[in-house]
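The sequence shown begins at 8 in my numbering and counts up by one.
The beta carbon of each residue, even a glycine, is placed where N, CA and C say it ideally should be.
If you're wondering where the values come from, they're calculated on a predicted model, not measured in any experiment.
Working notes, structure below.
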Amino acid sequence: MSLRLGVIGTGAIGQDHIRRITRKTHGARVVALNDIARAQAQAFAERERLDARVVETAGELIAAPDVDAVLVTSWGPSHEELVLASIAAGKPVFCEKPLATTAAGARRIVDAEMQGGRRLVQVGFMRRYDAGYRALKQTVDDGTIGAALMVHCAHRNPAVPEAYVGDMAITDTFIHEIDTLRWLLDDDYVSAQVIEPRRTRNAHAGLHDPIVVLLETRKGIRIDCEVFVACRFGYDIRCQIVGETGAADLPDPPSVALRSAGRASTAIQMDWKQRFVDAYDLELQEWITSTAAGAVSGPTAWDGYFAAVTADACIAARQTRRIVPIEIGARPRFYG
Ligand code: NAD
Ligand code: ISE
Numbered sequence: 008m009s010l011r012l013g014v015i016g017t018g019a020i021g022q023d024h025i026r027r028i029t030r031k032t033h034g035a036r037v038v039a040l041n042d043i044a045r046a047q048a049q050a051f052a053e054r055e056r057l058d059a060r061v062v063e064t065a066g067e068l069i070a071a072p073d074v075d076a077v078l079v080t081s082w083g084p085s086h087e088e089l090v091l092a093s094i095a096a097g098k099p100v101f102c103e104k105p106l107a108t109t110a111a112g113a114r115r116i117v118d119a120e121m122q123g124g125r126r127l128v129q130v131g132f133m134r135r136y137d138a139g140y141r142a143l144k145q146t147v148d149d150g151t152i153g154a155a156l157m158v159h160c161a162h163r164n165p166a167v168p169e170a171y172v173g174d175m176a177i178t179d180t181f182i183h184e185i186d187t188l189r190w191l192l193d194d195d196y197v198s199a200q201v202i203e204p205r206r207t208r209n210a211h212a213g214l215h216d217p218i219v220v221l222l223e224t225r226k227g228i229r230i231d232c233e234v235f236v237a238c239r240f241g242y243d244i245r246c247q248i249v250g251e252t253g254a255a256d257l258p259d260p261p262s263v264a265l266r267s268a269g270r271a272s273t274a275i276q277m278d279w280k281q282r283f284v285d286a287y288d289l290e291l292q293e294w295i296t297s298t299a300a301g302a303v304s305g306p307t308a309w310d311g312y313f314a315a316v317t318a319d320a321c322i323a324a325r326q327t328r329r330i331v332p333i334e335i336g337a338r339p340r341f342y343g
């Protein structure tokens with residue numbers, strides 16, 4: 008029997024996930040949609056000829072008896088409330104990153120889930136499903152480059168919308184590296200620092216772009232990551248791990264090596280939807296399969312909380328221009 012899904016938030020990634028559930032993955036179908044921009048959700052449902060109704064409120068969608076599980080793909084600040092409501096209704100919930108925009112919010116989710124006694128939450132940290140990152144992790148795990156010492160990363164977006172403001176470079180963008188590097192290195196963070204280089208004139212008003220984030224891990228590994236969201240030239244995700252006996256780079260997505268008009272070149276993708284398309288497909292397929300089997304197999308609410316605590320430290324480091332310690336208690340047994 009196929010899993011009946013309700014989707015809250017029919018913007019960019021909501022639409023993308025609905026299309027993949029409808030056309031690519033198997034074992035689930037979308038039966039209900041909700042968005043505070045109701046007309047946009049309705050227009051999307053009609054355009055895609057979805058066999059799903061548009062529901063007036065998110066609460067109504069979560070409570071609907073024919074919705075077995077919930078997909079939260081609305082704006083970050085709405086996630087906490089919607090995930091808490093799903094837990095209260097006893098329904099499995101896949102929440103796009105960030106789980107919550109503050110550590111306190113993510114902690115409330117962890118506490119509610121533990122109180123309910125059953126794991127229901129998965130967070131959309133899809134890079135763990137990317138073939139390139141998995142190959143990089145394998146290289147680190149099998150000891151090919153010796154012990155990891157340093158990591159150099161870049162997270163570049165060609166542009167971001169006007170609604171991308173404040174600390175979103177950390178809570179919305181760098182949050183991917185926070186989760187992925189912790190998983191890659193099998194390590195936790197102990198401190199954060201943020202440096203602001205010269206500001207690009209291409210950033211919209213109110214956004215300081217780029218920034219550089221420095222993290223230190225418990226094992227003493229030093230991480231530097233450039234976050235540059237108005238870089239113009241491409242959606243460019245880079246990660247190099249330097250070890251005692253070698254260095255390993257995240258592979259670029261395959262692209263024809265072109266020799267033309269006096270130049271040798273390869274393409275850089277322009278869009279996260281394409282860059283990680285296979286990872287999103289696999290992530291959602293595994294979520295559907297494990298949810299149907301009554302389990303959570305992907306990144307947990309604890310992972311979301313860990314990321315939020317680290318993000319809070321980065322924000323404090325940026326505001327104070329100091330190195331801020333990161334302290335997280337022991338992982339509860341509930342999370343394995
Ligand atoms: P978007 O602005 O395109 O869409 C968000 C939608 O949510 C809008 O249609 C808005 O009307 C709706 N919305 C906001 N609050 C709501 C609420 N309380 N109830 C119902 N609907 C509500 O944004 P997006 O790019 O689709 O991002 C959505 C979320 O997905 C963000 O948290 C973002 O960080 C995440 N995201 C993740 C990835 C990834 O790589 N994993 C990529 C893009 C976006
Ligand atoms: C967006 O929400 C994503 O998650 C993309 O993967 C990221 O690159 C972008 O910076 C975010 O805004």
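Query                                                                                                       : Result
Identity of the residues DSSP links to Leu222 by a beta bridge                                              : Ala199 and Ile230
Where Ala286 sits in the DSSP three-state scheme                                                            : helix
Ala50 burial status per 10 Å Cβ neighbour count (16 or more: buried)                                        : exposed
Nearest-angstrom Cα separation, counted from Glu293 out to Asp137                                           : 13 Å
Given Asp259 as reference, the closest of Ala142, Ala324, Ser93 and Pro165 once Cα atoms are compared       : Ala142
Neighbour-count burial assignment, Glu184, 16 or more Cβ in a 10 Å radius                                   : buried
Cβ-based neighbour list, Ala35, same chain, cut-off 6 Å, excluding 5 preceding and 5 following              : Ser9, Leu10, Leu12, Ile28 and Ile295
Where Cys321 sits in the DSSP three-state scheme                                                            : helix
The alpha helix (DSSP H) enclosing Ile116, as first and last residue numbers                                : Ala110 to Gly123
Identity of the residue in Arg30, Cys321 and Gly16 nearest Ile177 by Cα                                     : Cys321
Reference Gln200; option with closest CA among Ala44, His159, Gln326 and Ala274                             : Gln326
Lining residues of the ligand NAD - beta-carbon closer than 7 Å to any non-hydrogen atom, in sequence order : Ile15, Gly16, Thr17, Gly18, Ala19, Ile20, Gly21, Asn41, Asp42, Ile43, Ala44, Gln47, Ala65, Thr80, Ser81, Trp82, Gly83, Ser85, His86, Leu89, Glu103, Lys104, Pro105, Gly131, Met133, Ala170, Asp179, His183, Trp279 and Phe283
Met277 CB to nearest heavy atom of the ligand ISE below 8 Å                                                 : no
Given Cys102 as reference, the closest of Arg239, Ala110, Met175 and Leu91 once Cα atoms are compared       : Leu91
Ala314 versus Ala264: straight-line alpha-carbon distance, rounded                                          : 37 Å
Helix, strand or coil at Pro84 according to DSSP, with G and I counted as helix                             : helix
One or two residues paired with Met175 in a DSSP bridge                                                     : In the DSSP output, where bridge partners are listed per residue, Met175 has none listed.
Where Asp148 falls: helix, strand or coil (DSSP)                                                            : helix
C-alpha gap between Phe132 and Met121, whole angstroms                                                      : 21 Å
Where the alpha helix (DSSP H) containing Gln47 begins and where it ends                                    : Arg45 to Arg54
Span of the beta strand (DSSP E), counted from its first residue to its last, around Gln129                 : Val128 to Val130
Cβ-based neighbour list, Lys144, same chain, cut-off 8 Å, excluding 5 preceding and 5 following             : Trp190 and Leu191
Contact test: His162 Cβ vs the ligand ISE heavy atom, cutoff 8 Å                                            : yes
Backbone CA spacing between Arg54 and Ile20 [nearest angstrom]                                              : 16 Å
For Asn209: DSSP bridge partner residues                                                                    : Its beta-bridge partners do not exist; DSSP assigns none.
Nearest candidate by alpha-carbon position, reference Gly16, set His33, Arg134, Ala237 and Leu89            : Leu89
Candidates Ala95, Ile275 and Ala254, of which the one nearest Tyr242 by Cα                                  : Ile275
Candidates Arg329, Asp319 and Thr224, of which the one nearest Asp179 by Cα                                 : Asp319
Val236: CB within 8 Å of a non-hydrogen atom of the ligand ISE                                              : yes
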